[in-house]
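These notes concern the structure reproduced below.
In this note's numbering, the protein residues as written are 1 to 531.
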C-alpha cells in the first residue's frame, strides 16, 4: 500500500504465538486491569482487540529484517531450537551483527555436535523468515528499559498514537506478559493525530505538514509547547499559523503576567516582609484562597495527563481572576501606598505565592520561559540554597504557603466573592455605559449605587470598608437592599471631590498641611518617603 503496486499473496508455513494455549490472552487482560489508562477509554479499546484477536503470526517472508533464530533439519524438516543454539546466535549477533545470519553457515557458529533430535542429522538450515516488526518494537521493555541503568521495567508510561492499540501497545503487552507474566508499563497514554485546518491528516504526499523548526523560528519553542499543552490530545488536533497566532497571544499574556509579578516584587524580601493571614486584607485573602484552588486543579490535570485542563485553568485564571480582577484592583495599592505599608506588603505576599506557583507548575509546558523567570528572581526572593534551575526547585504544595489559608475561611471567602464578582460584572458594564455617555471619564471618578437582593447585600456589607471600592476601582460604593428575587441594578454618577494628582482617585485634598495639593493618604506616604 505504500508503493501503490500489486501485492502477491502466497500460502506458506508461518510461526505463531498462541493466545490461549498458554493462557496469554487471559493473563494479558488481567494485567490490563491493574494499569492506568489515559484516556480511560483506551483500556476498553485495547481489551476488545485482545479478547477477539487470533493467534499472533510473528513470521514474515522478506529479504530484510531480524531473523527468527531457529534451524530446520535438512533431512527430516524438524525444527532445531535449544538454549545452546540460542546462546550461539546471541554471541554471533553480538560479535558480527544480525547480517551474519545470512552470510555464515550454521556449522561455523553452532556448538560442535549440534544435531536434529528427531533423526540425528547435523545438516541444519537457518530459518529464512524474519520477525514481525511489532515483535521487535514490542520487546523494547527488555532491549531498552532493562538494558539501561537509568531506566526501569516496567516503565512508568508508554506514549504513542491511538493507532498503536493494534501495534506497539499490544505487542509490548503480549511479549512482556509471555516472558515475565506482567505488563511492561504502569500506564498507557494514547493520543490522536495532528491534522491541518481542514481536518486532513498531515502527510508527506499532501505536503501539509508543519515543520517545528519553522515554528521555533517564527514563534519560539515555548509557543509550540503551549499549543501542545492546550489541545485535548486524546482526539485528533489541528495546527496552523492561525492557530499558532492565537496560542502566541495566550503566551504573551502569561509572559506579561510574569513580568508584572517580578517587577512588583523587586523590593520584597520573603524573610521579613511576609504578612500573616490575620493582617492580610480581605481581597488578598480571597486571592490566596483562589490560588490554592487553582493549584489543586492544575495538580489534578497533570495527574490525569489532561494537559489541556492545566492550560485552560491557568489561562482563565491569568486573564480573568489575576489580570482583569486582582492585579487591576491592586495597582493603586502597589503604586500609591507607602512601600512598607501593611496593605502593600499584604498584596506582595500574595504576588509572591502567585509567582512561585505559576513558575513551578508551568515549567513542564513553558520550560524555557519558566527557567528564564527563575533566573530573573529579585534578590529578596532567592533562598540561600536556591537551585540553579527551575527544574530542580520542586513542586508547590499547600504546606509551602506562608501563610496557609485556613480551609474553612478559604471556602467561605470563595463563596462570598462569587457574589462580589457577579456584582463587579454588573458594575463594569454600567461603568462602560457611563463612559460612553460622558458621565465619567475613568472608573475612579465614579460613585456607584448598587441595588441588589437583601441576602446578597448582607454578604457585601460584611466586607471591610474600602474593599468594594478597591475591587471595583471606583471612588464610592453605596449598597441598597431589595426584595429577594429582584434583579441587581447599578447606577453610576460622578463622585464628589477632587482628583488627587498623585493617585488619581477622587478624594478630599489638603487634609495634611505638609502636602495640601494631594489627598491625605498620599501626603502621609510623601512624608514617610521624606519628600
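For glycine and all other residues, C-beta sits at the position ideal for the given N, C-alpha and C. No experiment lies behind these values; they were computed from the predicted model shown.
Less than 7 Å between C-beta atoms, sequence neighbours within five positions excluded: which residues of the same chain meet that for residue i?
i: residue 171; result: 134, 135, 137, 138
i: residue 45; result: 165
i: residue 329; result: 283, 470, 471, 473
i: residue 351; result: 261, 264, 265
i: residue 434; result: 440, 446, 492
i: residue 85; result: 71, 110, 114
i: residue 339; result: 267
Would DSSP call residue i helix, strand or coil?
i: residue 256; result: helix
i: residue 106; result: helix
i: residue 270; result: coil
i: residue 434; result: helix
i: residue 27; result: helix
i: residue 218; result: helix
i: residue 482; result: strand
i: residue 350; result: helix
i: residue 377; result: coil
i: residue 463; result: coil
i: residue 536; result: There is simply no residue 536 to check, as the chain begins at 1 and stops at 531 in what is shown.
i: residue 402; result: coil
i: residue 420; result: helix
i: residue 238; result: strand
i: residue 452; result: strand
i: residue 320; result: helix
For residue i, which residues in the same chain have their Cβ closer than 8 Å to its Cβ, ignoring the five residues on either side in sequence?
i: residue 27; result: 177, 181
i: residue 109; result: 88, 89, 91, 92, 100
i: residue 233; result: 191, 192, 307, 308
i: residue 322; result: 257, 354
i: residue 536; result: There is no way to answer for residue 536, as the model of the chain reaches only from 1 to 531.
Assuming residue i contacts residue j (C-beta within less than 8 Å), just tell me the rounded distance between them.
i: residue 365; j: residue 226; result: 6 Å
i: residue 452; j: residue 423; result: 7 Å
i: residue 302; j: residue 314; result: Their Cβ separation, rounded to whole angstroms, is 11 Å, which puts residue 302 and residue 314 out of contact at 8 Å.
i: residue 528; j: residue 512; result: Going by Cβ atoms, the distance from residue 528 to residue 512 rounds to 12 Å, so no, they are not a contact pair.
i: residue 19; j: residue 53; result: 7 Å
i: residue 201; j: residue 193; result: 5 Å
i: residue 374; j: residue 393; result: 7 Å
i: residue 275; j: residue 345; result: 5 Å
i: residue 123; j: residue 75; result: 6 Å
i: residue 197; j: residue 238; result: 6 Å
i: residue 420; j: residue 450; result: Their Cβ separation, rounded to whole angstroms, is 11 Å, which puts residue 420 and residue 450 out of contact at 8 Å.
i: residue 427; j: residue 490; result: 5 Å
i: residue 319; j: residue 253; result: 6 Å
Should residue i be labelled buried (16 or more other beta-carbon atoms within 10 Å of its own) or exposed?
i: residue 296; result: exposed
i: residue 191; result: buried
i: residue 417; result: buried
i: residue 353; result: buried
i: residue 42; result: buried
i: residue 14; result: exposed
i: residue 103; result: exposed
i: residue 185; result: buried
i: residue 116; result: buried
i: residue 141; result: buried
i: residue 505; result: buried
i: residue 49; result: exposed
i: residue 40; result: exposed
i: residue 500; result: buried
i: residue 83; result: exposed
i: residue 581; result: A query on residue 581 cannot be resolved here, the shown segment of the chain reaching from 1 to 531 and no further.
i: residue 175; result: buried
i: residue 484; result: exposed
i: residue 132; result: buried
For residue i, which residues in the same chain have their Cβ closer than 6 Å to its Cβ, ignoring the five residues on either side in sequence?
i: residue 81; result: 70
i: residue 515; result: 523, 526
i: residue 222; result: 366, 368, 369
i: residue 460; result: 479
i: residue 247; result: 223, 226, 227
Look up residue i in the DSSP assignment and give the residues it is bridged to.
i: residue 447; result: 476, 493
i: residue 126; result: 71
i: residue 286; result: Paired residues: none, contrary to the question.
i: residue 160; result: 190
i: residue 36; result: 187
i: residue 59; result: 131
i: residue 16; result: 57
i: residue 155; result: 185
i: residue 429; result: Note: residue 429 sits in no beta bridge, so no partner.
i: residue 519; result: 509
i: residue 498; result: 507
i: residue 223; result: None; residue 223 has no bridge partner.
i: residue 201; result: 195
i: residue 80; result: 71
Is there a Cβ of chain B sitting closer than 8 Å to that of residue i, yes or no?
i: residue 508; result: Annotation note: the requested chain B is absent from the structure, which comprises a single protein chain.
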